[in-house]
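If you're matching them up, the sequences are chains A and B in order.
Heads up: the first sequence at position 37 corresponds to 37 in our numbering, and the numbers run straight through without jumps.
Offset between the second sequence (1-based) and our numbering: plus 1000.
Written out below as structure tokens is the structure these notes cover.
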Amino acid sequence: MKAFLSVLAAFAVMGLAFWAYRENYATQAALDEVEQLEREIAGARDALSVLRAEWAYLNRPDRLRDLAELNFDRLNLLPLRPEQFGSVDQVAFPPEPGLLPLSVDPVDVIGIEEPQG
Amino acid sequence: MIRAPLRPLARILEARAKGENPDAIERENIRLRHEEQRDRARARAESRLFILALFFFCAFGTVGIRMGVLAATEPAEPRSAGSGLQILANRADIADRNGRILATNLVTYSLYAQPQQMTDPEGSARALGEIFPDLDTARLARDFTGERTFVWIKRRIAPEQMQAVHDIGDPGLLFGPREMRLYPNGALAAHVLGGAGFGREGVHSAEVIGRAGVEQTFDAWLRDPVNEGRPLQLSLDLTVQAAVEQVLAGGMMLMNAKGATAILMDAHTGEVLSLASLPDFDPNDRPLPPTSGDPSDSPLFNRAVQGVYELGSTFKTFAVAQALELGLVSPDTMIDTRSPMTYGRHRISDFRNYGPQLSVTDVIVKSSNVGTARIAMEIGGERQRAFLDSLGLLDPTALELAEAPGIKPLFPQRTWPEISTMTIAYGHGISASPVHLAAAYATIVNGGTRVTPTVLRNPTPARGARVISEETSALVRGMMRAAVEQGTATLAEVPGYAVGGKTGTADKPRRDGRGYEEDKVITTFAGFFPAEAPAYVLVVTLDEPVETSGPEPRRTAGWTAVPVAAEIIRRAAPLLGLRPEIETGEANGVTLARN
Chain A
1 MKAFLSVLAA FAVMGLAFWA YRENYATQAA LDEVEQLERE IAGARDALSV LRAEWAYLNR
61 PDRLRDLAEL NFDRLNLLPL RPEQFGSVDQ VAFPPEPGLL PLSVDPVDVI GIEEPQG
Chain B
1001 MIRAPLRPLA RILEARAKGE NPDAIERENI RLRHEEQRDR ARARAESRLF ILALFFFCAF
1061 GTVGIRMGVL AATEPAEPRS AGSGLQILAN RADIADRNGR ILATNLVTYS LYAQPQQMTD
1121 PEGSARALGE IFPDLDTARL ARDFTGERTF VWIKRRIAPE QMQAVHDIGD PGLLFGPREM
1181 RLYPNGALAA HVLGGAGFGR EGVHSAEVIG RAGVEQTFDA WLRDPVNEGR PLQLSLDLTV
1241 QAAVEQVLAG GMMLMNAKGA TAILMDAHTG EVLSLASLPD FDPNDRPLPP TSGDPSDSPL
1301 FNRAVQGVYE LGSTFKTFAV AQALELGLVS PDTMIDTRSP MTYGRHRISD FRNYGPQLSV
1361 TDVIVKSSNV GTARIAMEIG GERQRAFLDS LGLLDPTALE LAEAPGIKPL FPQRTWPEIS
1421 TMTIAYGHGI SASPVHLAAA YATIVNGGTR VTPTVLRNPT PARGARVISE ETSALVRGMM
1481 RAAVEQGTAT LAEVPGYAVG GKTGTADKPR RDGRGYEEDK VITTFAGFFP AEAPAYVLVV
1541 TLDEPVETSG PEPRRTAGWT AVPVAAEIIR RAAPLLGLRP EIETGEANGV TLARN
């Protein structure tokens, strides 16, 4: 009985050692992956900040103003003026989909047949 | 266990036969047995002690080795502790109120050389001279061939220049990363942002520190990693700032002015939406402060904050507001305005004679120095001083720019003589910056609560202390509206936006401190819009303007600062989302349509 317990304990120790070994390596691999991902994130963040800076640079008011002036014949952009404020009822809404378009010729809805009786 | 008998029969019988005491044998045997037992116990204890000692040795040995290893290895961050939030070492961005970037970072490279490692020093120096025309090739060649082991060549280089240097292919030319502060909008809001420069510098990195403006004020905040990359959000509006700067630059040119400044402030929260000061500079390439001449002529000079000027008639509003608040006058009270008025050896006169009497409203509308001086005499010096103090006109502003805390208004420090009471009422004998004026006007027109100017976005503004009552505020607004409708500031009329305001023209004091210049003036317009429910306060100041379209040059604010202010309102108000109160009809080419 005692011998059996000893053998069992020995196997248990070996099993646990194997498990701990594997966990250790799995953890290391996970940490490596995390580090790799963090490096990627940092790289992406750097790239993002560069892109953001570039976006801000390309959208600087001076440049937009020059572009609007260069392309005036196509875009006709002018600075916003007070007169350009409108009210909602000046906006032509698209007709609701269920309704018939107003421009269509009136449909003759009265039957052409003579009423019977 | 078989034990040896204590009284072996054979030996006992033998002893008995010899006549000896057999008990001696027993005692001897007991002794032997005890000895044997003791030896065994000792051996056992010894082995146990040995094992224990071994165990302790291993345990302490492990601790010792571990300590040695920990002490000898490079410190490393625990890899598993990271929760995904890594420390951002970057300086935080600066954004406007809508999150558009005003300042950010960019990694560039610096170029340095280690001449011992160079293969062809002279050739490299020549090649560098071709890439960077501003470099002194002969000096570089001398540095490369001399004793030096380390030579800085360029602090910041562009990527294409870096590639070109790479192509030289000399192993002694090396690059170090440099984080650089970038202001993508160029000179826009330059005086607010200030600028940044390198502090301590090494090969692998350099410290970026703020040199002026918010960069300097919030230097610690911008570097603090606790903010996790959150940008510093200012109250400026990029589009409004751009429009204001453009209009102001145009106005400055048309009016032949030396400098100009404009401040657009939220009348209730004190948030500065636009702060422009011309001439300006590019914070990406901040010029060095001037070592000679007048510092106020340098583009670095922030006229809005650092320019302490006598702001002239714009101060009349304060005298009248206080008199109304104290119940000394009503808008219709008639004031003696015979000009000139003499006080001791001083003479106060108006721009032109406005007749014997004017109502208080007309004193503002026509801008009568004499009338205001008489009102101020009724108020008295002590109360006037306390009132100006409550408007914040006697202390440095709380504006968060590095320059602001040092700028103290100039006024009679110890005594407040009666003549000062009179002149201060119409804005002479007291000098304040345009920011002071904007904050004081915001306080007067917003219903009477104290406004503290700020360049930070403040989503939860607190209402300041009450300075004047709602009724007084409304009366003063009415008077300033009248000044625009029929008084000195008629050119400030902007269709759709009821503008109210007050002009001010002040002679410039001479440099040598003796009296005033002949024909150099500072003209100011301080106004607000819309008049019924003021949302914004605008202060425009021009330095030495001359309007030359008429037969003779005109220098008053009504002809110089006011039209510029009107154009600013015309451009900025729609951008601020203020709806004009006019019919937009077919005349504007808008097609009316209705479903």
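Ideal Cβ positions, reconstructed from N, Cα and C, are used throughout, including at glycine.
For residue i, the three-state DSSP class (helix, strand or coil)
i              : result
residue 117/A  : Bear in mind that the predicted position of residue 117/A carries a pLDDT of just 47, short of 50, making it too unreliable to give a figure here.
residue 1255/B : coil
residue 1597/B : The structure shown does not extend to residue 1597/B, since chain B is modelled only from 1001 to 1595, so the question has no answer here.
residue 1061/B : helix
residue 62/A   : helix
residue 1408/B : coil
residue 1413/B : coil
residue 1595/B : With a pLDDT of 49 at residue 1595/B, under the threshold of 50, the modelled position of this residue cannot be trusted, and the question is left open.
residue 1579/B : coil
residue 1292/B : coil
residue 1137/B : helix
residue 1357/B : strand
residue 1103/B : strand
residue 55/A   : helix
residue 1430/B : coil
residue 1199/B : strand
residue 1548/B : coil
residue 1153/B : strand
residue 1233/B : strand
residue 1536/B : strand
Residue i at chain B interface by Cβ criterion, 7 Å
i             : result
residue 60/A  : yes
residue 44/A  : no
residue 16/A  : no
residue 53/A  : yes
residue 79/A  : yes
residue 97/A  : no
residue 21/A  : no
residue 56/A  : yes
residue 72/A  : no
residue 119/A : The question about residue 119/A has no answer, for chain A in this structure spans 1 to 117.
Cβ of residue i within 7 Å of any chain A Cβ
i              : result
residue 1586/B : Its pLDDT being 45, under 50, residue 1586/B is placed unreliably in this model, and the value from its coordinates should be taken loosely. Residue 1586/B does not count as touching chain A.
residue 1184/B : yes
residue 1106/B : yes
residue 1579/B : yes
residue 1051/B : no
residue 1267/B : no
residue 1571/B : yes
residue 1574/B : yes
residue 1213/B : no
residue 1209/B : no
residue 1439/B : no
residue 1157/B : no
residue 1496/B : yes
For residue i, the residue or residues it bridges with in DSSP
i              : result
residue 1501/B : 1527/B
residue 1388/B : Residue 1388/B pairs with nothing; no bridge assigned.
residue 1521/B : 1507/B
residue 1260/B : 1278/B and 1542/B
residue 1560/B : Residue 1560/B is not bridged to any residue.
Proximity to residue i [Cα-Cα], best of the options
i              : options                           : result
residue 1416/B : 1036/B, 1390/B, 1385/B and 1395/B : 1385/B
residue 1151/B : 1166/B, 1167/B and 1117/B         : 1117/B
residue 1213/B : 1403/B, 1392/B and 1252/B         : 1403/B
residue 1526/B : 1318/B, 1017/B and 1174/B         : 1318/B
residue 1392/B : 1197/B, 1469/B and 1465/B         : 1465/B
residue 1146/B : 1239/B, 1271/B, 1482/B and 1125/B : 1125/B
residue 1473/B : 1229/B, 1230/B, 1033/B and 1322/B : 1322/B
residue 1437/B : 1565/B, 1541/B and 1255/B         : 1541/B
residue 1479/B : 1246/B, 1324/B and 1381/B         : 1324/B
residue 1517/B : 1544/B, 1537/B, 1538/B and 1533/B : 1544/B
residue 1223/B : 1234/B, 1207/B and 1233/B         : 1207/B
heavy atom of the ligand HEM below 6 Å from residue i C-beta
i              : result
residue 1424/B : Although the ligand HEM was asked about, the structure shown includes no ligands whatsoever.
Worksheet item: Okay, do the stretch 1269-1284 of chain B and the stretch 1297-1309 of chain B touch, 3+ Cβ pairs below 8 Å being the bar?
Response: yes
Worksheet item: Are there three or more Cβ pairs, one per stretch, closer than 8 Å when the stretch 1103-1111 of chain B is compared with the stretch 1153-1162 of chain B?
Response: yes
Practice prompt. Specify whether the stretch 1511-1525 of chain B and the stretch 1557-1573 of chain B touch according to this definition: at least 3 beta carbon pairs, one from each stretch, less than 8 Å apart.
Written response: yes
Item to complete: Specify whether the stretch 1366-1373 of chain B and the stretch 1317-1337 of chain B touch according to this definition: at least 3 beta carbon pairs, one from each stretch, less than 8 Å apart.
Response: yes
Worksheet item: How about the stretch 1218-1237 of chain B and the stretch 1539-1553 of chain B: do they share at least three Cβ pairs that are nearer than 8 Å?
Response: no
Fill in: Inter-stretch contact (C-beta, 8 Å, three-pair minimum) for the stretch 1235-1248 of chain B and the stretch 1568-1578 of chain B
yes
Discussion item. With a threshold of 8 Å, are at least 3 pairs of Cβ atoms found where one atom belongs to the stretch 58-68 of chain A and the other to the stretch 1175-1191 of chain B?
Written reply: yes
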